[in-house]
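Trainee: Please find one structure pasted underneath; my questions will follow.
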Amino acid sequence: MANANLRPEASRLLADIHEIARMETNVLFWGPPGSGKTLLATRLRKLRTNLTGQKLWETFNIWRGSGLCPTNKLAVPFRAPHHTVSLAGMVGSISRAAVRPPAPPTAWPIRYGELSLAHGGILLLDEIDEFTRPVLEAVRMALLRGSVFLPLPKARRADTFEAYAGSGITAPAEFQLVATTNDLDRLKKYVSLELRDRFSVVLDIKPDSKADLKAGRGIIQQVIAEIDLSL
Numbered sequence: 006m007a008n009a010n011l012r013p014e015a016s017r018l019l020a021d022i023h024e025i026a027r028m029e030t031n032v033l034f035w036g037p038p039g040s041g042k043t044l045l046a047t048r049l050r051k052l053r054t055n056l057t058g059q060k061l062w063e064t065f066n067i068w069r070g071s072g073l074c075p076t077n078k079l080a081v082p083f084r085a086p087h088h089t090v091s092l093a094g095m096v097g098s099i100s101r102a103a104v105r106p107p108a109p110p111t112a113w114p115i116r117y118g119e120l121s122l123a124h125g126g127i128l129l130l131d132e133i134d135e136f137t138r139p140v141l142e143a144v145r146m147a148l149l150r151g152s153v154f155l156p157l158p159k160a161r162r163a164d165t166f167e168a169y170a171g172s173g174i175t176a177p178a179e180f181q182l183v184a185t186t187n188d189l190d191r192l193k194k195y196v197s198l199e200l201r202d203r204f205s206v207v208l209d210i211k212p213d214s215k216a217d218l219k220a221g222r223g224i225i226q227q228v229i230a231e232i233d234l235s236l
């Protein structure tokens with residue numbers, strides 16, 4: 006039940022946030038620095054329902070293989086890589102096995118990237134226009150395919166594992182994309198139209214005034230407090 010003390014604008018925004026979390030909608034928050042975009046974006050994880058079935062199994066295996074899941078319990082993944090993340094860090098890679106005799110390529114260790122670590126959950130790109138274009142293109146392709154391809158590294162010798170040339174693995178990468186930006190003009194300049202079109206919802210976040218914050222009537226302030234108190 007909604008708090009009767011919420012301002013109408015806060016009630017509408019809260020309803021939007023709940024619907025975005027329920028539908029796992031790709032969403033872009035935009036507004037000036039300090040407006041509360043990132044605070045709202047991070048609250049989406051709290052509103053997501055727990056993973057079940059095949060998605061839970063896939064996600065658990067990815068996190069266990071990355072050494073990030075020490076127990077059988079797994080919360081909805083939430084990944085927020087810095088805008089300096091490399092392409093390999095975002096997509097993942099297969100590393101050459103340092104063993105003697107060399108292990109076959111199919112046994113080489115997999116380093117899952119942020120796209121797969123976000124599988125079943127949320128990938129937050131804070132200030133999305135700061136990320137490199139190759140990284141953003143990788144995000145777009147993952148959204149399109151629901152997976153990423155990790156090629157086997159090149160052999161040291163031309164005749165080594167020749168039968169595996171062009172091989173690799175396909176790793177799951179289905180996630181809800183959440184992003185923030187301070188400037189829509191900058192977004193249009195640095196983020197492709199194809200990726201921008203993946204956002205079904207764009208929310209204009211205006212900063213709360215000092216007077217409203219002091220009185221506890223800030224719109225963003227009320228929405229965040231309501232989410233935190235309801236869980």
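Each residue of the sequence shown is one higher than the one before, counting from 6 in our numbering. Don't be surprised by glycine CBs; every beta carbon is placed ideally from N, CA and C.
Nearest-angstrom Cα distance between residue 55 and residue 80?
Mentor: If you number the sequence shown from 1, residue 55 lands on position 50. If you number the sequence shown from 1, residue 80 lands on position 75. Going from the Cα of residue 55 to the Cα of residue 80 covers about 7 Å.
Trainee: Between residue 21 and chain D, is there a C-beta pair that is closer than 8 Å?
Mentor: Although the question refers to chain D, the structure presented lacks it and comprises just one protein chain.
Trainee: Give me the Cα-Cα distance between residue 213 and residue 128, rounded to the nearest whole angstrom.
Mentor: As a working note, residue 213 is residue 208 in the sequence shown. As a working note, residue 128 is residue 123 in the sequence shown. Each residue's alpha carbon lies about 26 Å from the other.
Trainee: Mapping the DSSP letters down to three states, classify residue 62 as helix, strand or coil.
Mentor: Here the question's residue 62 lines up with position 57 in the sequence shown. Note: residue 62 maps to helix in three-state DSSP.
Trainee: Shortest alpha-carbon distance to residue 182 belongs to which of 195, 221 and 121?
Mentor: Position 177 of the sequence shown, counted from the start, is the residue given in the question as residue 182. For residue 182, the nearest C-alpha among the options comes from 121.
Trainee: For a minimum of 4 consecutive residues, which ranges assigned as the alpha helix (DSSP H) are wholly contained in the segment 16-75?
Mentor: As far as the segment 16-75 is concerned, its whole alpha helix (DSSP H) runs of at least 4 residues are 42-52 and 58-70.
Trainee: Between residue 191 and residue 198, what straight-line distance do the alpha-carbon atoms span, to the nearest angstrom?
Mentor: For the purposes of this step, residue 191 is taken as residue 186 along the sequence shown, with counting starting at 1. For the purposes of this step, residue 198 is taken as residue 193 along the sequence shown, with counting starting at 1. The straight-line gap from Cα to Cα measures roughly 12 Å.
Trainee: Which residue from 215, 67 and 147 puts its Cα closest to that of residue 59?
Mentor: Residue numbering aside, residue 59 sits at position 54 when the sequence shown is read from its first letter. For the residues 215, 67 and 147, the minimum Cα distance to residue 59 belongs to 67.
Trainee: Can you give me the start and stop residues for the alpha helix (DSSP H) that residue 139 sits inside?
Mentor: Residue mapping note: residue 139 aligns to position 134 of the sequence shown, counting from 1. Per DSSP, residue 139 belongs to the alpha helix (DSSP H) from 138-150.
Trainee: Would residue 178 pass as a contact of residue 153 if the rule is Cβ separation under 8 Å?
Mentor: Counted from its first residue, the sequence shown places residue 178 at position 173. Counted from its first residue, the sequence shown places residue 153 at position 148. Yes, Cβ-Cβ distance for residue 178 and residue 153 is below 8 Å.
Trainee: Among the residues of its own chain, which have a CB less than 8 Å from the CB of residue 73, if the five just before and after it don't count?
Mentor: Position 68 of the sequence shown, counted from the start, is the residue given in the question as residue 73. Closer than 8 Å at Cβ, skipping near neighbours: 122.
Trainee: With distances taken Cα to Cα, identify the nearest neighbour of residue 63 among 51, 138 and 82.
Mentor: Sequence index remark: in the sequence shown, residue 63 carries index 58 (1-based). If we check each option's Cα against that of residue 63, 82 comes out closest.
Trainee: On the premise that residue 43 lies in contact with residue 131, defined as a C-beta separation below 8 Å, what is that separation, rounded to the nearest angstrom?
Mentor: Taking the first residue of the sequence shown as position 1, residue 131 is located at position 126. Taking the first residue of the sequence shown as position 1, residue 43 is located at position 38. With 8 Å as the limit, residue 131 and residue 43 qualify as a contact, their Cβ atoms being about 6 Å apart.
Trainee: Taking DSSP as the reference, what is the three-state secondary structure of residue 80?
Mentor: Translated into positions along the sequence shown, residue 80 becomes position 75. Here residue 80 sits in coil by DSSP.
Trainee: So residue 228 is in the alpha helix (DSSP H); what residue range does that whole segment cover?
Mentor: The residue labelled residue 228 in the question sits at position 223 within the sequence shown. Unbroken alpha helix (DSSP H) run through residue 228: 224-235.
Trainee: Per DSSP, what are the beta-bridge partners of residue 97 in this structure?
Mentor: Numbered from 1 along the sequence shown, position 92 holds the residue referred to as residue 97. Answer is 117, bridged to residue 97.
Trainee: Do residue 40 and residue 210 count as a contact pair if the criterion is CB distance below 8 Å?
Mentor: Counting from one through the sequence shown, the residue named residue 210 turns up at place 205. Counting from one through the sequence shown, the residue named residue 40 turns up at place 35. Yes, the Cβ-Cβ distance between residue 210 and residue 40 is below 8 Å.
Trainee: In chain order, what residues of the same chain lie with their CB nearer than 6 Å to the CB of residue 195, ignoring the 5 residues before and after it?
Mentor: The residue labelled residue 195 in the question sits at position 190 within the sequence shown. Excluding residues within five positions, the ones whose Cβ falls inside 6 Å are 134.
Trainee: Given this structure, state the Cα-to-Cα distance separating residue 193 from residue 147, to the nearest angstrom.
Mentor: Numbered from 1 along the sequence shown, position 188 holds the residue referred to as residue 193. Numbered from 1 along the sequence shown, position 142 holds the residue referred to as residue 147. Taking the straight line from one Cα to the other gives about 20 Å.
Trainee: What is the rounded straight-line gap between the Cα of residue 157 and the Cα of residue 85?
Mentor: Reading the sequence shown from its first residue, position 152 is the one you call residue 157. Reading the sequence shown from its first residue, position 80 is the one you call residue 85. Straight-line Cα distance between these residues: approximately 26 Å.
Trainee: Leaving aside the five residues before and after residue 33 along the sequence, list all residues of the same chain whose C-beta is less than 6 Å from its C-beta, in chain order.
Mentor: Within the sequence shown, residue 33 is the residue found at index 28, counting from 1. Once the five neighbours on either side are set aside, the close Cβ partners of residue 33 are 184, 204 and 207.
Trainee: Over the uninterrupted alpha helix (DSSP H) stretch that includes residue 216, give me the two end residues.
Mentor: For this step, residue 216 is matched to residue 211 along the sequence shown. 215-220 is the extent of the alpha helix (DSSP H) around residue 216.
Trainee: Ends of the beta strand (DSSP E) at residue 190?
Mentor: By 1-based counting over the sequence shown, the position of residue 190 is 185. Premise fails: residue 190 lies in the alpha helix (DSSP H), 189-195, not in any beta strand (DSSP E).
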